[in-house]
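Visitor: Questions regarding the structure given below will be posed in turn.
Chains as they are written, first to last, in the UniProt record's numbering: chain A, 1 to 346; chain B, 1 to 339; chain C, 1 to 297.
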C-alpha cells in the first residue's frame with residue numbers, strides 16, 4: 001500500500017534572537033534546529049507513535065505537517081502531493097483530509113464559542129455551511145460518546161476528558177484520512193486517559209483513519225500504535241514496530257526511556273537503566289552521536305562520528321542510529337516481570 | 001473523629017497527625033466542601049504518599065498543613081498536630097517559625113518557590129535564617145555542599161547564578177536542596193515530578209529517597225502518579241473527591257487494595273497493563289460536585305459494586321490490617337460474614 | 001494549588017460567559033455599580049429628553065432676573081444674563097456626552113483595529129505601530145490640545161479629535177498585548193490547522209476575547225473625558241457661547257462665586273454626578289467581567 005503521508009528529511013529551524021541582537025552579539029548562527037532530518041511515512045489506517053522528552057521536537061514535526069511552522073528543508077507529501085511551499089489557500093483542501101488535536105484539552109477550544117459552534121467551525125471554514133449544523137453536531141457528539149445536550153456548553157463548562165472528546169469530534173468533522181494527536185492524554189486523569197485512547201482505537205477500527213500520536217508517555221503508544229519512533233534532540237534515533245521496540249530496543253536511549261517508566265508496584269525489581277544528566281541544549285548539540293554525553297555504553301568513536309542509520313537484521317522496518325546497538329539478549333534482560341495481580345478481595 | 005473503634009490506633013509518637021479535618025472554599029455559588037473528615041498520620045522518618053486525581057483535595061491537604069491556604073478557605077472542624085502541638089491553636093508567629101525550619105515544602109513548579117531576581121546563593125543563605133550559630137561563610141559552604149549532594153554540577157561556581165539560568169530539572173534539584181538545607185522534620189512535596197520528563201522523574205525520585213534516608217526526615221509526597229508513589233513511599237493514603245478513602249502501607253495499597261476506587265485506579269494505570277490491548281480500563285463517570293455533598297458514599301455513582309446502603313449512609317473507616325483501613329460498606333458486609 | 005483553583009473554577013463555572021441573567025445577578029450585588037448605573041441612566045435620560053424637561057429657553061437672554069436665587073420658577077436660579085440655570089444644565093449635558101461617546105467610540109474602533117494588526121501582523125509592522133503609539137503618547141496631551149484648538153479653533157470637532165488621537169494609542173496598546181497573548185494560544189493554532197483565514201480568526205476568535213477589557217477601559221475613561229471637556233469649556237476653549245454646556249455654566253458661576261455661589265454649585269453638580277456614575281459603573285463592569293484586571297486600571 002502506498003503511503004498516505006510521507007515526510008522526508010524534514011528540518012525545522014527556530015530563530016533564537018532577532019537579527020539586530022545577533023549582529024550586536026556577533027552570533028553567526030542565531031538559529032536552532034528543532035527538527036533535523038526526520039523521515040517517516042504513514043500508510044492508510046496505520047497508527048504511528050512519536051515519542052520523546054520535552055524539547056525533542058516531536059510537536060514541531062506535527063506543526064510543520066499542518067503548515068503552522070514552515071520547514072527550512074525537506075518534503076511533506078500527502079498522497080504524493082508536496083505540501084511545503086503551498087499558500088494557505090492551496091493547502092486548505094488538504095486540511096480537510098488531515099486534522100490535528102492539540103495538547104491542552106480546554107485551551108485548544110475557542111473560549112467564547114459553544115460546543116455546537118466549535119463543531120460547525122470546520123464546515124464554515126471549508127464553505128460547507130449549507131450542512132445542517134444541528135444534525136452534524138449531534139452526529140459528531142454521538143460519535144465521541146458525549147450526550148447531545150452538550151452542544152450548548154462552553155469549553156470552561158467541560159471537564160478535561162469531555163473537552164478532549166470535543167476536540168476529537170471537531171477533528172473528525174470532515175471525515176479526515178489522518179488525525180495528528182498531540183499529547184492526547186495530557187492534562188487528563190489516569191481514569192480518563194484510557195477513555196480517550198479507547199476512543200481513538202475505536203474510531204480507527206470503525207473509520208479506518210490513520211493516526212499520528214505524539215506523546216512523552218510510553219504507556220500511551222504501547223496499546224494503540226502499530227509502529228513507533230523515538231526522538232532525541234530533533235532526530236529519530238529509532239523507529240520500528242511498537243512491540244518489537246518494547247521487547248528489543250536497540251538504541252540505548254530507547255532502552256533508558258523504556259526503563260524510566262515507573263511501575264505501580266512497590267516490589268517491581270527494576271533493573272533500571274537510569275541515564276545521567278539532562279537533555280543537552282539544542283544550541284549546544286553534542287558532536288558525533290548526540291546521545292553520547294548521557295550514554296552508559298559510550299565508546300571513543302561515539303563522540304566524534306555521527307552514526308549512520310542501521311537496519312535490524314531481523315526486521316527491515318526496524319532501524320536505529322547507534323554505533324553499538326544493543327544486542328537482543330542485553331535488551332531482553334530488561335524485560336520486566338509481569339506485575340503482581342491486584343488482590344482479589346471482591 | 002473516628003466513629004468506630006476498629007480503625008488503627010494512632011501512636012502518640014507520630015510526627016504529623018491530621019484529625020477529622022473539614023475544609024470549605026467559599027465561592028460565589030456556595031461553599032465547596034473540599035476536605036471531609038480527613039485523618040492522616042505521618043510517622044517520623046517515613047515517606048507517606050497522598051495519591052488521587054484532580055479535585056481529590058490532595059494538594060489542598062498539603063497546603064493546609066503548610067498553612068498556605070487562600071483567603072476563601074475555611075477550616076470548620078478537625079485539628080493538625082505537628083510534633084504534638086495543634087497547628088490551629090498556635091499564634092501565627094509560632095506557625096511561621098515552624099515553616100522553613102521544622103517544616104519545608106517543594107512545589108510542582110520550582111519557579112514558584114524560587115525568587116527570580118535573586119541569586120541561588122543569597123536565597124540559600126537566607127533560608128538558614130533560623131540558624132543563628134553559623135557564620136555567613138559556613139552557611140554558604142553548607143549550601144554548596146547541599147547543591148553538590150543534589151547533583152548540581154560545579155556548585156562552587158554556579159551558586160551565584162539566578163534561577164532562570166538552570167533547566168527545569170536542575171531547578172527542582174535546587175528546590176530540594178533548599179528545602180532540606182534546614183534539616184526539617186517533615187518535607188512536604190506537592191507533585192514535585194509532574195512537570196518533569198520521565199527520565200528526570202526517576203532521577204528526582206531516587207534523589208528524594210536517598211536524601212530522606214540520609215537526613216532522616218519524614219516526607220509527605222503528594223502525587224497523581226501511582227508509579228512514583230509506589231516506588232518512593234512507605235505508606236499511602238488514597239484520596240477521592242475530598243476524602244481519604246483508603247490508607248495503609250504501600251504494599252497494602254498496591255497489592256491488596258480494599259476500596260473499589262483504589263482498585264479501579266490501579267487497574268486504569270496503563271503502566272501495569274503488559275499485554276497489548278485495544279481497550280484500556282477506565283472509571284466511567286465524573287468526580288461529583290463538592291457543592292452540597294450529601295450523606296452517602298462519595299464514590300457510589302462510579303462504583304461497580306454500589307448497593308442501597310452506599311446511598312443512605314456514609315461508610316466509616318474499617319480496619320483491614322494492622323495499618324490498613326478503608327471506607328467502604330462492602331468491608332463491613334465482609335466482616336459480618338467472616339465474624 | 002491546582003486543586004484549589006480547580007475548585008474555584010468549578011464553582012465559578014456555573015455561569016456561561018454570555019448569560020445576561022448571571023450578569024444582572026452579579027451586578028445587582030454590587031451596590032456602587034447599581035448606583036452608578038442609575039446615575040448614568042439619569043444623565044442620559046436628561047440629555048436625550050432635555051427639550052421636554054427644560055422649563056425655559058436655555059439660550060434666550062433675560063427670561064428672568066439676573067443672578068437670581070433658586071425659586072419655584074427658576075429651580076436653580078439664573079445666571080448673569082438672566083438665563084435659567086436648570087434649563088442650561090439639562091441641555092448642557094448633551095455636549096459632554098456627545099464628546100465622550102464620539103471620541104471614545106472612534107478611539108475604541110481605531111485602537112482595536114490597530115491593536116489587532118500590531119498583535120497579529122508581521123513583526124516589523126508591530127514595531128512600526130508601537131513606535132507611532134509611543135510617540136503620540138509621549139506628547140504632553142494638554143499642549144497637544146491647545147495646539148489643535150489653536151489651529152482648528154474651539155469646537156466640538158476639535159475636542160473630539162484631540163481626545164480620540166490621544167486615547168487611540170492607549171487602547172491600541174491594550175488590544176495589541178491581548179492579541180499577542182492569544183496569538184500563541186492553542187485554540188488559535190487549532191483554527192489555523194483547520195485552514196481558517198486570518199480575517200476569520202481575528203473576527204471570530206480574537207476580537208471577542210480582546211474587546212471585553214477595552215470596553216471596561218472605555219467605560220472608565222468616560223468620566224475623565226467629561227472632566228476634560230468641562231475643563232476646556234471652563235477655560236473658554238470649548239463650545240462657543242451661548243451654547244449651554246456644563247463647563248460653561250461652571251465658568252459663569254466661577255466669575256460670580258462671591259455673591260451667588262449657587263450658580264457655581266449648580267454647574268459642578270452634574271459633572272460630579274456624571275463622573276461618579278460612570279466611574280462606579282465602569283468599576284463594577286471591571287469587577288464582574290475581568291477581576292484579573294486589578295484595581296490599578
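For each residue, glycine too, the CB sits at the ideal point set by N, CA and C.
Looking only at its chain, what residues have a beta carbon closer than 8 Å to the beta carbon of residue 66 (chain B), apart from the 5 residues adjacent to it on each side?
Guide: 99, 103, 105 and 188
Visitor: So what does residue 307 (chain B) bridge to, in DSSP terms?
Guide: According to DSSP, which records beta bridges pairwise, residue 307 (chain B) is partnered with nothing at all.
Visitor: Inspect the beta-carbon positions of residue 173 (chain B) and residue 207 (chain B) and report whether they are closer than 9 Å.
Guide: yes
Visitor: Could one say the Cβ of residue 184 (chain A) lies closer than 9 Å to chain C's Cβ atoms, at least one of them?
Guide: no
Visitor: Consider the Cβ of residue 218 (chain A): report whether some Cβ of chain B lies at a distance smaller than 9 Å.
Guide: With a threshold of 9 Å between beta carbons, residue 218 (chain A) makes contact with chain B.
Visitor: At the 9 Å Cβ level, is residue 68 (chain A) part of the contact set with chain B, yes or no?
Guide: no
Visitor: Residue 158 (chain B) CB to nearest chain A CB: under 9 Å?
Guide: no
Visitor: Output, in chain order, the set of chain A residues within a Cβ distance shorter than 7 Å of residue 48 (chain B).
Guide: Chain A residues near residue 48 (chain B): none, gap ~14 Å exceeds 7 Å.
Visitor: By Cβ distance below 7 Å, which residues in the same chain neighbour residue 264 (chain C) in space, the five residues on each side in sequence not counted?
Guide: 250, 253, 254 and 257
Visitor: How about residue 50 (chain B) and residue 221 (chain B): do their beta carbons lie closer than 9 Å?
Guide: yes
Visitor: Out of B:164, B:110 and B:316, which has the shortest C-alpha to C-alpha gap to residue 298 (chain B)?
Guide: A check of alpha carbon separations from residue 298 (chain B) across B:164, B:110 and B:316 identifies B:316 as the nearest.
Visitor: Spell out a yes or no on whether the region 199-219 of chain B and the region 111-118 of chain B are touching, meaning 3 or more CB-CB pairs, one atom from each, closer than 8 Å.
Guide: With the cut-off at 8 Å, the region 199-219 of chain B and the region 111-118 of chain B do not touch.
Visitor: For residue 134 (chain B) and residue 126 (chain B), I'd like the C-alpha separation in whole angstroms.
Guide: 12 Å
Visitor: How would you label residue 284 (chain B), buried or exposed, when you count the other beta carbons within 10 angstroms and need 16 or more for buried?
Guide: So residue 284 (chain B) counts as exposed.
Visitor: For chain A, check one thing: does any of its Cβ atoms lie closer than 9 Å to the Cβ of residue 180 (chain C)?
Guide: Answer no: the Cβ-Cβ gap between residue 180 (chain C) and chain A never drops below 9 Å.
Visitor: Is there at least one Cβ from chain A nearer than 9 Å to residue 56 (chain C)'s Cβ?
Guide: With its beta carbon at least 9 Å from every one in chain A, residue 56 (chain C) lies outside the interface.
Visitor: Start and end of the alpha helix (DSSP H) containing residue 198 (chain A)?
Guide: Where residue 198 (chain A) is concerned, the enclosing alpha helix (DSSP H) stretches over 190-207.
Visitor: For residue 172 (chain C), which residues from the same chain have a beta carbon less than 8 Å from its beta carbon, with the 5 sequence-adjacent residues on both sides left out?
Guide: 110, 111, 112, 114, 115, 118, 129 and 133
Visitor: Does residue 289 (chain C) come within less than 9 Å of chain A when only Cβ atoms are used?
Guide: For residue 289 (chain C), not one C-beta of chain A is nearer than 9 Å to its own C-beta.
Visitor: Taking residue 264 (chain B) and residue 262 (chain A) to be in contact with their CB atoms under 8 Å, please state how far apart those CB atoms are, rounded to whole angstroms.
Guide: Actually they are not in contact, since the Cβ atoms of residue 264 (chain B) and residue 262 (chain A) sit about 19 Å apart, beyond 8 Å.
Visitor: Ends of the alpha helix (DSSP H) at residue 58 (chain A)?
Guide: 58-65
Visitor: Give me the DSSP bridge partner(s) of residue 86 (chain B).
Guide: DSSP, once it has assigned bridges, lists B:81 as partnering residue 86 (chain B).
Visitor: For the region 208-239 of chain C, list every residue whose C-beta sits within 9 Å of some C-beta in chain A, in sequence order.
Guide: 208 and 209
Visitor: Do the region 324-334 of chain B and the region 239-249 of chain B meet, that is, are 3 or more Cβ pairs less than 8 Å apart?
Guide: Because the criterion of three Cβ pairs below 8 Å is met, the region 324-334 of chain B and the region 239-249 of chain B touch.
Visitor: Less than 9 Å between the C-beta atoms of residue 131 (chain A) and residue 120 (chain A), yes or no?
Guide: The Cβ atoms of residue 131 (chain A) and residue 120 (chain A) lie closer than 9 Å to each other.
Visitor: Using a C-beta to C-beta distance shorter than 7 Å, which residues of chain A count as neighbours of residue 250 (chain B)?
Guide: 266
Visitor: I'd like to know whether the C-beta of residue 223 (chain A) is nearer than 9 Å to at least one C-beta of chain B.
Guide: Closer than 9 Å: yes.
Visitor: Between the Cα of residue 147 (chain A) and the Cα atoms of A:215, A:296, A:3 and A:169, which residue gives the shortest distance?
Guide: For the residues A:215, A:296, A:3 and A:169, the minimum Cα distance to residue 147 (chain A) belongs to A:169.
Visitor: Put residue 232 (chain C) into one of helix, strand or coil per three-state DSSP.
Guide: helix
Visitor: Where does residue 3 (chain C) land, buried or exposed, given buried means 16+ other C-beta within 10 angstroms?
Guide: Any reading at residue 3 (chain C) must be qualified, since the residue scores a pLDDT of 38, below 50, and its modelled position is unreliable; no value is offered.
Visitor: Could you please give the first and the last residue of the uninterrupted alpha helix (DSSP H) stretch that includes residue 120 (chain C)?
Guide: Residue 120 (chain C) -> alpha helix (DSSP H) spans 94-120.
Visitor: At a Cβ threshold of 9 Å, is residue 95 (chain B) touching chain A?
Guide: no
Visitor: Is residue 190 (chain B) helix, strand or coil when you go by DSSP?
Guide: strand
Visitor: What in chain A is Cβ-close to residue 283 (chain C), meaning under 9 Å?
Guide: Under the 9 Å cutoff, chain A gives no residues; its nearest Cβ is about 23 Å from residue 283 (chain C).
Visitor: What does the alpha-carbon distance come out to for the pair residue 208 (chain C) and residue 112 (chain A)?
Guide: 7 Å
Visitor: Ignoring anything shorter than 3 residues or poking outside the region 256-311 of chain A, list the beta strand (DSSP E) runs there in chain order.
Guide: 309-311
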